[in-house]
Amino acid sequence: MFEKVLIANRGEIAVRILRACKDLGIQTVAVYSTADKEAMHVKMADESVCIGPSQSKESYLNIPSIIAACEISGADAVHPGYGFLSENSSFVEKLNAHNISFIGPSSNHIKTMGDKILAKKTAEEYGIPVIPGSDGEVKDLEEATQTGEKIGYPIIIKASAGGGGRGMVVVHNADDLEASIKKAKTEADKSFDNDTIYIEKYLQHPKHIEIQIIGDNFGNMIHLGERDCSMQRRNQKLLEETPSKVIDNKTRNYIGELTVNALTKIGYSGVGTVEYLYEDNKFYFMEMNTRLQVEHPVTEEITNFDLVKEQILVAANQKLLKKQSEIKFFGHSIECRINAEDPVNFIPSPGKIINFHTPGGPGVRVDSGCYSGITIPPYYDSMIAKLIVFGEDRDSCLARLERALGEFVVEGIKTTIPFYLDIIKEEEFLNGTYDIHWVENHMKNKQ
Ligand code: ADP
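Each number in this note's numbering comes from the position in the sequence shown (counting from 1) with 13 added on.
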C-alpha cells in the first residue's frame with residue numbers, strides 16, 4: 014500500500030482525494046500555488062509544498078516542481094485529480110522514472126485515448142459504435158468537402174487534441190466549410206498547440222450518456238452504470254444525474270458490458286469513463302476520459318462504491334473486491350456544479366466569499382474547498398462546489414435538490430445557484446427528457 018500520496022491538484026477534488034487517503038490511513042501532501050496559500054486542501058493535508066506562482070503553467074502544470082515536491086516530502090504516489098496533469102502521459106513517464114506511482118492508467122492508455130482520432134479508431138476496432146465521420150484526420154478543404162457530402166450536414170469539426178468543450182465548430186452547409194475549418198484549426202492550435210482536426214456528423218437531439226468503469230491490474234473490470242450529462246452550456250456540463258430517465262436496465266447492461274468488454278481487451282486499468290451520445294436508441298462513442306470525472310459522486314451515491322478509494326487501491330496493485338453481479342443500483346442522484354459565475358451569462362465572478370453556508374440533512378452532500386472568508390482566485394476553473402443529492406427515486410431526489418439549493422448561501426460573489434433554482438421548475442427537466450441543446454434553447458427563449 015502507498016504510505017504517502019501527493020495530490021497534484023486544488024479545490025474540491027484535492028479535498029475529495031485527501032478524504033479518501035485519510036479513510037485509508039495514508040499520509041497526504043498538498044501542493045499549492047501562491048494564490049492558494051489559504052486554500053482548504055492546504056489546511057487539511059498532513060504536509061504542504063508551494064509549487065510556484067498563480068498561473069497554472071508555473072504551478073499546477075509545472076512537472077519539475079511537482080516531482081521536486083514528491084522528493085522533498087517523500088511521497089511514493091501522485092493522485093492527479095482531473096484537469097491539470099491528469100491526462101498527461103509524459104508526466105506519468107517522468108514519475109515512473111523517479112520511482113513514483115501514478116494513481117491512474119498506464120501512459121500508453123492515456124496516449125491512445127488522449128488523441129481523439131486514435132481513441133475513436135481504437136474504440137471502433139474493439140466493437141464500440143462510433144459516429145459517422147471522416148476517416149481520421151482531415152487535411153484540407155477537399156477532404157472536408159468529401160466528408161460533408163458523404164455524411165450530410167450538419168457536421169461538427171473537432172480538434173484531435175481537444176478537451177473542455179473547446180475547438181469544436183458546427184457547420185450547417187458546405188458554403189461555411191472553408192471559414193469553419195480555419196476557425197477550428199486556429200482555436201485548436203491556440204488551445205492545444207496542435208491543429209489536427211477531424212469531422213463528425215452533428216447529432217441534433219442527443220443525450221450525453223457516459224459509462225463509469227474501473228479495472229485492476231489482473232484483468233478484472235466492472236461498470237457502475239451511466240450518468241446523464243446532457244445539461245450543458247457551450248459543450249460543458251452543468252448538472253449530472255444517474256440513472257438517466259431514458260436508459261432502462263436492459264440498455265444499461267448492454268452498453269455497460271460492451272464498454273467493459275472493449276476496455277478489458279485493451280488491458281485498461283484504473284477508473285475511466287467512456288462518453289457516448291445517445292439518440293434514437295443508439296449509442297455513439299465520443300471519447301474516453303482516463304481519469305476521475307467531476308461528476309463521479311452521483312455514481313457513488315447510487316452504488317455505495319467509493320470510486321476514489323478503489324482507484325487508489327487498484328493503483329496500489331490490489332484486486333477489485335467486487336464483481337459485476339455484486340454492484341447494486343439503488344435510488345437516484347443529481348449533482349449541480351456550483352460555479353463562481355453570473356447565473357445569466359455565465360461570466361466568471363471571482364472574489365472574496367463573505368459567507369459560505371452549505372446545505373445538509375439526509376441525502377445531501379457538498380464537495381467543496383470553500384469556507385467563509387476565502388478568496389476565489391481568477392486563475393483557475395470557476396467551479397467552487399458540487400451539490401450532490403440522493404433520493405430513493407427521482408421525484409424525492411428533485412424535492413431534495415430544491416430544498417438543498419434553497420439552503421445554500423454564498424455571499425460576496427455571484428454563483429450559478431439561481432440558474433438551477435430556475436431550471437428545476439421546467440417541464441423538460443422535471444420529466445428528464447432534456448437533450449444536450451436544451452440549456453441553450455432555454456436561455457434563448459428567456460431573453
Ligand atoms: P470535450 O473533450 O472538449 O469535452 P467531447 O467530445 O466530450 O469534447 O464533446 C463535448 C460535448 O460536445 C458533448 O457532450 C456534446 O454535447 C457535444 N458534441 C460532441 N460531439 C458531438 C456530435 N457529433 N454531435 C452533437 N454534439 C456533439
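Ideal Cβ placement from N, Cα and C applies to all residues, glycine included.
Query	Result
For Thr303, which three-state DSSP category applies?	coil
Mark Gln249 as exposed unless 16 or more other C-beta atoms lie within 10 angstroms of its C-beta, in which case mark it buried.	exposed
Just confirm the distance between the C-beta atoms of Arg413 and Gly425, as a whole number of angstroms; I'd bet it's less than 8 Å.	The pair is not a contact, with the Cβ atoms about 26 Å apart (cut-off 8 Å).
With Ala417 and Ile351 assumed to form a contact (beta carbons below 8 Å), what rounded beta-carbon distance in angstroms separates them?	About 11 Å separates the two Cβ atoms, so there is no contact after all.
Please state whether DSSP places Ala52 in a helix, a strand or coil.	coil
Distance check for Ile222 and Met299, CA to CA, integer angstroms please.	10 Å
Within 10 angstroms of the Cβ of Asn262, are there 16 or more other Cβ atoms? Answer buried if so, exposed if not.	exposed
Confirm the yes/no value for this check: CB of Ile141, any heavy atom of the ligand ADP, distance under 6 Å.	no
Residues in its own chain within less than 7 Å of Ser310 by CB, not counting five upstream and five downstream?	A quick correction: the sequence has Pro, not Ser, at residue 310. Cβ within range, chain order: Glu348, Arg378, Asp380, Lys399, Ile401.
Taking the Cβ atom as the reference point for each residue, do Val182 and Ala192 lie within a distance shorter than 7 Å?	no
Determine the direct distance from the alpha carbon of Glu253 to that of Glu292, and round the result to whole angstroms.	18 Å
If you check the beta carbons only, do Gly228 and Tyr289 fall under 7 Å apart?	no
The beta strand (DSSP E) that contains Thr286, what's its start and end?	283-292
Looking only at its chain, what residues have a beta carbon closer than 8 Å to the beta carbon of Tyr45, apart from the 5 residues adjacent to it on each side?	Arg23, Ala52, His54, Val55, Ser61, Val62, Cys63, Ile64, Ser72
If you compare alpha carbons, which of Ile430, Tyr267, Ile170 is closest to Gly140?	Tyr267
May I ask you to check if the CB of Gly175 is nearer than 6 Å to at least one heavy atom of the ligand ADP?	yes
Would you kindly work out how many angstroms separate the C-alpha atoms of Trp451 and Phe15, rounded to a whole number?	44 Å
Three or more C-beta pairs under 8 Å: does that hold for the segment 312-324 against the segment 382-392?	no
Using the Cα positions of Lys133 and Glu239, report the straight-line distance between them to the nearest angstrom.	20 Å
List the whole-angstrom C-beta distance separating Gly382 from Glu25, where the pair is believed to meet the contact cut-off of C-beta under 8 Å.	5 Å
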